[in-house]
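Chains as they are written, first to last, in UniProt numbering: chain A, 1 to 248; chain B, 1 to 787. Beta carbons: idealized from backbone N, C-alpha and C, even for Gly. Here's the structure, in structure tokens; my notes come after.
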Amino acid sequence: MLSPAVVQSAPATPEGTVFRAEALGKVYQTGETRVEALRGVDLAIPAGEMIVLLGPSGSGKSTLLNIIGGLDRPSSGRLFYHDTELTALGDRALTRYRRDNVGFVFQFYNLIPSLTAQENVRLVTDIAADPMPPEEALALVGLAERRDHYPAQLSGGEQQRVAVARAIAKRPGVLLCDEPTGALDSITGVRVLEALARAHDELGATVIVITHNVGIAAMARSVIHFRDGAIARLETNDNPVQAQDIHW
Amino acid sequence: MRALDLKLFRDLWRMRGQVVAIALVLSAATATYVLSVGVHQSLVATRDAYYARNHFADVFAGMTRAPRSIVARVAEVPGVRRAQGGIVQYARLELPLRTEPIRALVSSVDEMGRDHLNALTLSEGRLPRPDHPEDVVVDEAFAKANALHPGDTIAAQIYGRQQILRIVGTGLAPNYIYALPPGDIIPDERRFGILWMGRKGLEAATDRREAINTLSLTLEHGASEAEVIRKVDTILEPYGGTGAYGRKDHLSHAFLDSELQQLSAMTRVIPPIFLLVATFLVYIVLGRMIRTERGQIGLIKAFGYSNRDIGWHYLKFALAIAVLAIAIGSVAGIWMGRSMTALYAEYYHFPFLDYRLSPGVFVGASLLSVGAAALGAIGGARSAGRLSPAVAMLPPPPPIYRAGAVERLGRWAGLTTIGEMIVRHVARWPLRSAITVIGVSLSMGLLFATVQFIDSSHAMLDQFFGRAQRQSFTVTFTEAQNEDVIHALGQIPGVMRVEATRTIPVKLRFGNRSERTAIESVEPDAILSARIDMDGQQVEMPPAGLMLSRQLAKELGVQAGDRIEVEQLGGRRTRTVQPVARIVNEIVGARAYAENSTLRRITRDAAPIGAALLKTDPAARDDILARLRDMPVVLGVTERDAAFTRFSQMIEQNILTMIGFYVAFASAIAVGVVYNSARILFSERAHELATLRVLGYQSGEVGIILLGEIALLVVLALPPGCLLGYGMAKLMLAMFSSDLFRLPFAASRASYGLAAIVVLIAGIATALVVARRVMRLDMVRVLKARD
Numbered sequence: 001m002l003s004p005a006v007v008q009s010a011p012a013t014p015e016g017t018v019f020r021a022e023a024l025g026k027v028y029q030t031g032e033t034r035v036e037a038l039r040g041v042d043l044a045i046p047a048g049e050m051i052v053l054l055g056p057s058g059s060g061k062s063t064l065l066n067i068i069g070g071l072d073r074p075s076s077g078r079l080f081y082h083d084t085e086l087t088a089l090g091d092r093a094l095t096r097y098r099r100d101n102v103g104f105v106f107q108f109y110n111l112i113p114s115l116t117a118q119e120n121v122r123l124v125t126d127i128a129a130d131p132m133p134p135e136e137a138l139a140l141v142g143l144a145e146r147r148d149h150y151p152a153q154l155s156g157g158e159q160q161r162v163a164v165a166r167a168i169a170k171r172p173g174v175l176l177c178d179e180p181t182g183a184l185d186s187i188t189g190v191r192v193l194e195a196l197a198r199a200h201d202e203l204g205a206t207v208i209v210i211t212h213n214v215g216i217a218a219m220a221r222s223v224i225h226f227r228d229g230a231i232a233r234l235e236t237n238d239n240p241v242q243a244q245d246i247h248w
Numbered sequence: 001m002r003a004l005d006l007k008l009f010r011d012l013w014r015m016r017g018q019v020v021a022i023a024l025v026l027s028a029a030t031a032t033y034v035l036s037v038g039v040h041q042s043l044v045a046t047r048d049a050y051y052a053r054n055h056f057a058d059v060f061a062g063m064t065r066a067p068r069s070i071v072a073r074v075a076e077v078p079g080v081r082r083a084q085g086g087i088v089q090y091a092r093l094e095l096p097l098r099t100e101p102i103r104a105l106v107s108s109v110d111e112m113g114r115d116h117l118n119a120l121t122l123s124e125g126r127l128p129r130p131d132h133p134e135d136v137v138v139d140e141a142f143a144k145a146n147a148l149h150p151g152d153t154i155a156a157q158i159y160g161r162q163q164i165l166r167i168v169g170t171g172l173a174p175n176y177i178y179a180l181p182p183g184d185i186i187p188d189e190r191r192f193g194i195l196w197m198g199r200k201g202l203e204a205a206t207d208r209r210e211a212i213n214t215l216s217l218t219l220e221h222g223a224s225e226a227e228v229i230r231k232v233d234t235i236l237e238p239y240g241g242t243g244a245y246g247r248k249d250h251l252s253h254a255f256l257d258s259e260l261q262q263l264s265a266m267t268r269v270i271p272p273i274f275l276l277v278a279t280f281l282v283y284i285v286l287g288r289m290i291r292t293e294r295g296q297i298g299l300i301k302a303f304g305y306s307n308r309d310i311g312w313h314y315l316k317f318a319l320a321i322a323v324l325a326i327a328i329g330s331v332a333g334i335w336m337g338r339s340m341t342a343l344y345a346e347y348y349h350f351p352f353l354d355y356r357l358s359p360g361v362f363v364g365a366s367l368l369s370v371g372a373a374a375l376g377a378i379g380g381a382r383s384a385g386r387l388s389p390a391v392a393m394l395p396p397p398p399p400i401y402r403a404g405a406v407e408r409l410g411r412w413a414g415l416t417t418i419g420e421m422i423v424r425h426v427a428r429w430p431l432r433s434a435i436t437v438i439g440v441s442l443s444m445g446l447l448f449a450t451v452q453f454i455d456s457s458h459a460m461l462d463q464f465f466g467r468a469q470r471q472s473f474t475v476t477f478t479e480a481q482n483e484d485v486i487h488a489l490g491q492i493p494g495v496m497r498v499e500a501t502r503t504i505p506v507k508l509r510f511g512n513r514s515e516r517t518a519i520e521s522v523e524p525d526a527i528l529s530a531r532i533d534m535d536g537q538q539v540e541m542p543p544a545g546l547m548l549s550r551q552l553a554k555e556l557g558v559q560a561g562d563r564i565e566v567e568q569l570g571g572r573r574t575r576t577v578q579p580v581a582r583i584v585n586e587i588v589g590a591r592a593y594a595e596n597s598t599l600r601r602i603t604r605d606a607a608p609i610g611a612a613l614l615k616t617d618p619a620a621r622d623d624i625l626a627r628l629r630d631m632p633v634v635l636g637v638t639e640r641d642a643a644f645t646r647f648s649q650m651i652e653q654n655i656l657t658m659i660g661f662y663v664a665f666a667s668a669i670a671v672g673v674v675y676n677s678a679r680i681l682f683s684e685r686a687h688e689l690a691t692l693r694v695l696g697y698q699s700g701e702v703g704i705i706l707l708g709e710i711a712l713l714v715v716l717a718l719p720p721g722c723l724l725g726y727g728m729a730k731l732m733l734a735m736f737s738s739d740l741f742r743l744p745f746a747a748s749r750a751s752y753g754l755a756a757i758v759v760l761i762a763g764i765a766t767a768l769v770v771a772r773r774v775m776r777l778d779m780v781r782v783l784k785a786r787d
């Protein structure tokens, strides 16, 4: 069956869609400058896919990711997560949504330096509804042995894998990754991508990855190209490559 | 303006909350300094000007009666510049509609205004006229308290004779700045006043034509006071001299002097606490600022600014805080100084009492503030100056956490992950955590030390009025009485018990030290008075020898077992040697006690009765007072309850004013310390807090990290706060104690609790203000930036 990974302009939520955006717009007003970061984005993202957002700096991909993740609110338009309208939720409900459904991985890991690898994962498992044991999450990213190390005692790649473990430990419906390999060299970056792929395969989560790295796009079923706050084009990849086959 | 100065101004504005919080603590130092030094200077300047203008005497002497010609003889004594003789006589006054006896000290005044020493300053009216023995000038406070005005008349009994006096003026004199009724411990201007009567009039009224019973002298510059006193005593001995004494033993002067000593003690103890805390705060805030501005410092240096430019830039930041503190503190200090001065004016009677500040006070306060701020800044400024540009522009190394005792402890205690974050952060920055703990505990200490004054003064009142004095009335006599008066008093209906108190004025000598005091004695079976020590224990009179109050023993340098020389002043002027049998640590006064038998050995006579203690039926109060008023030998009556009320009022008024100030100051410390700690904590942890928000923690849960750490530090500060408070309380009680009375340490648990609660509330409320920032945390922006 042909499953178009991402559909633009969806009038109603099709079956199996996890996110649906209607004319999403975002305007930043800083002092006298007005920046239109998103200009009426329409989008439907199917559940369980791995999607890559590609585009130059300032093209709007991070803004979209933040809105999808419930970290930011659009200036106009609507966004649905399954049947829930995220754009109508208040701060508490949006936090609840992040807590139960969304895992994040950032470029700069954002681990808590005073907590060990395992404790960083516990931060999430302490509050999630149905988490996996922290050890299991660390095992998934190949760091079971290093669980009692503090961030300062781990390499950049290891820190990012802890961040991935922390993101997947809650068994999230969605895994959002903003330049997860941006601060890493090729070899450690691949190990992080492997961890992401494994999480995607084993948890069936929808994974959305922002990257500048065109090579990484080969991993995804769908690639959304961004330019000037809007979707420039959609690309479907019927034969995604394995993480270990990616080089840059 | 240089770009770097522009940065300074913007930094100050950006960090205005922290700047103001530190400035508040520092301004408390400035304010207390300006307050205490300012009031001290104003009082000293006023007193000195008043003494100089009205020629307050240096030496005073009393005698039974001496011919006026003695004044010229005394004036011949080498070292005496001027001598002046006069008459003082206690009298009873009767005011309409007043049942209680009212006492006055009538003092002679030259009708032509030729008095030189202790000169009377008229506030209204005129001096008594030469041929009008009824003319009197009334002291201003007494006139005001009893609504007396020139033209009014009062009935008086002077030297056993009834007389109608006409008020011709009101005024005051430097020897009655603080006027105490005989036998009392606090002024009561409603029941005791000073009257000045023309010399001729008072001579006639007291049968002392061309005679005197009091003498005042001023000394030549450099004259030996002790030598003059010795010679004057020799001259006055045949006339019933009771021993000359210097200003140190002059009641009014001594009270004022002890007040001044308390003020200067306050200057030495209180401002340093605030200066210390402010120095700490500048240190941690500037330290944090420099850490966050590493990159900028590197860049500015790369542009070619020198190390000194950078160091000076950060030093100026601290100095700006000091300038703000000086402004706030000076205004607050002046305002508080005015209210304190007004309070003093109620108890100390000056013709003028201006709160005047010399520029030196502000210079001193400014130097202290600038010094404290600079001391706090110097380390940070130097480290900023020393940063090499290349290193500075690199991101700072991440804080390193390793498994240690704290981590193991946390795991053992089963802390949540959030709990671990809090505890480890505290342990990661031990110096800063310690500074917060020290600051908050100092705040609590100061609060406690202040609040416990209420307990202490209640304990003092309870011991003095509740346990040491059980009589209803103390009756004083116009002159010493014998046993008959006790029987007469016992006959009054409603009087349930009468006990005699015998008092003889003496000079005690030990080695080369000597003190003027009085030895008191009570009946062997006395129950109406007791000697209670500081711990509340009743101390029995020793069967032989003297019992000295600790204050007196300290002044003389004697211990129990020593033998001291006792010179009776007046009477037979005996000199005996008596053993010191016991020392009693009393609250009020510096007195000596002895059994009647010992007293008799000293006087070689039946010791005269100076006062009688009466236990009465409260229902018969007015009748008893009326009967006492009709007894010519009775000079006055002190009602224990009225004295108690008056004392309570004075203490409450003084203490509440002081407590009001100090609660504000102590809260300023708590707020200043907690606000700065919380702001630094917030800025350091903004990244982590945002991360937690992203992971799905609600803002309330995230706020716990901030509040939890502050709460932990505040709670940790409570036990040392209690200890510090205990120490500070003891210090402050010692500061506020004087020769005249001592405050016992009697803090209740509630005072510890109250201090802890105020600190907790101030701390948590301040932290909540900062925690509100968690709500406004911009998750996206924080996470995009590298920590």
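Asked, Found
"Taking Cβ to Cβ, would you say residue 252 of chain A is nearer than 8 Å to A21 of chain A?", "What the structure shows of chain A is the stretch from 1 to 248, and residue 252 of chain A is not part of that stretch, so it cannot be assessed."
"Helix, strand or coil, according to DSSP, for S738 of chain B in the structure here?", "coil"
"Closer than 7 Å between beta carbons: that is the criterion. Which residues of the stretch 407–430 of chain B meet it against chain A?", "T416, T417, E420, M421, R424, H425 and R428"
"Mind checking who residue 804 of chain B pairs with in its DSSP beta bridge?", "With chain B covering 1 to 787 only, the question about residue 804 of chain B has no answer from this structure."
"Would you give the residue range spanned by the alpha helix (DSSP H) that F303 of chain B belongs to?", "R294 to F303"
"Starting from the N-terminal side, write out each stretch of the alpha helix (DSSP H) that is 4 residues or longer and does not extend beyond the UniProt domain \"ABC3 transporter permease C-terminal\" (661–777) of chain B.", "699–736 and 749–775"
"Work out the CA separation of Q551 of chain B and residue 790 of chain B for me, nearest whole Å.", "The question about residue 790 of chain B has no answer here: the residues shown for chain B are numbered 1 through 787."
"Check whether the Cβ atoms of F274 of chain B and G439 of chain B sit closer than 8 Å, and answer yes or no.", "no"
"So I127 of chain A contacts chain B; which residues on that side make the cut at Cβ distance below 7 Å?", "G696 and Y697"
"Kindly indicate which residue of B:R424, B:I761 and B:L217 has the alpha-carbon position closest to the one of S114 of chain A.", "B:R424"
"Going by alpha carbons, who is nearest to G55 of chain A out of A:A152, A:F104 and A:I216?", "A:I216"
"Can you tell which of B:P744, B:Y401, B:A119 and B:H458 has its C-alpha closest to the C-alpha of P430 of chain B?", "B:Y401"
"Can you pull the DSSP bridge partners for Q89 of chain B?", "B:V106"
"Beta-carbon of H40 of chain B versus every beta-carbon of chain A: anything under 8 Å?", "no"
"Please check if any C-beta of chain B sits within less than 8 Å of the C-beta of S155 of chain A.", "no"
"Could you check what DSSP says for K316 of chain B in three-state terms: helix, strand or coil?", "helix"
"Taking all protein chains shown into account, decide if S224 of chain B is buried (16 or more other Cβ within 10 angstroms of its Cβ) or exposed.", "exposed"
"Using beta-carbon positions only, say whether N101 of chain A and V174 of chain A come within less than 8 Å of one another.", "yes"
"What is the residue span of the alpha helix (DSSP H) that M496 of chain B lies within?", "From DSSP, M496 of chain B is part of no alpha helix (DSSP H) but of the beta strand (DSSP E) over V495 to F510."
"Can you tell me whether W248 of chain A is buried or exposed? The criterion is at least 16 other CB atoms within 10 Å of its CB, across all chains shown.", "exposed"
"Measure from the C-beta of I400 of chain B to each C-beta in chain A and report whether the shortest distance is under 8 Å.", "yes"
"Using a Cβ cut-off of 7 Å, pull out every chain C residue sitting near V774 of chain B, in sequence order please.", "As a matter of chain content, chain C is missing from the structure shown, whose protein chains are A and B."
"Name the residue from B:L299, B:D152 and B:R573 whose alpha carbon lies nearest to the alpha carbon of T64 of chain B.", "B:R573"
"Shortest alpha-carbon distance to L122 of chain B belongs to which of B:P351, B:Y675 and B:L286?", "B:P351"
"Excluding five sequence neighbours on each side, which residues of the same chain lie with their C-beta closer than 7 Å to the C-beta of D617 of chain B?", "G494 and M496"
"May I ask which residues mark the beginning and end of the beta strand (DSSP E) holding A230 of chain A?", "A230 to T236"
"Do A156 of chain B and E189 of chain B have their C-beta atoms within less than 8 Å of each other?", "no"
"So the beta strand (DSSP E) M421 of chain B belongs to, where does it begin and stop?", "Run containing M421 of chain B: none in the beta strand (DSSP E); it sits in the alpha helix (DSSP H), T417 to R428."
"DSSP three-state label for P579 of chain B, please.", "strand"
"Considering only their Cβ atoms, is the gap separating I669 of chain B from S472 of chain B smaller than 8 Å?", "no"
"At least one CB of chain B closer than 8 Å to the CB of L143 of chain A: is that the case?", "no"
"Can you name, in chain order, every residue of its own chain whose Cβ lies under 8 Å from the Cβ of E111 of chain B, other than the five neighbours on each side?", "L127, P128, R129, P130, G198, R199 and K200"
"I'd like to know if the stretch 240–252 of chain B and the stretch 50–60 of chain B are in contact, where contact means that at least 3 CB-CB pairs between them fall below 8 Å.", "yes"
"Between which two residues does the beta strand (DSSP E) carrying G243 of chain B extend?", "Unbroken run through G243 of chain B: none, as it is neither H nor E."
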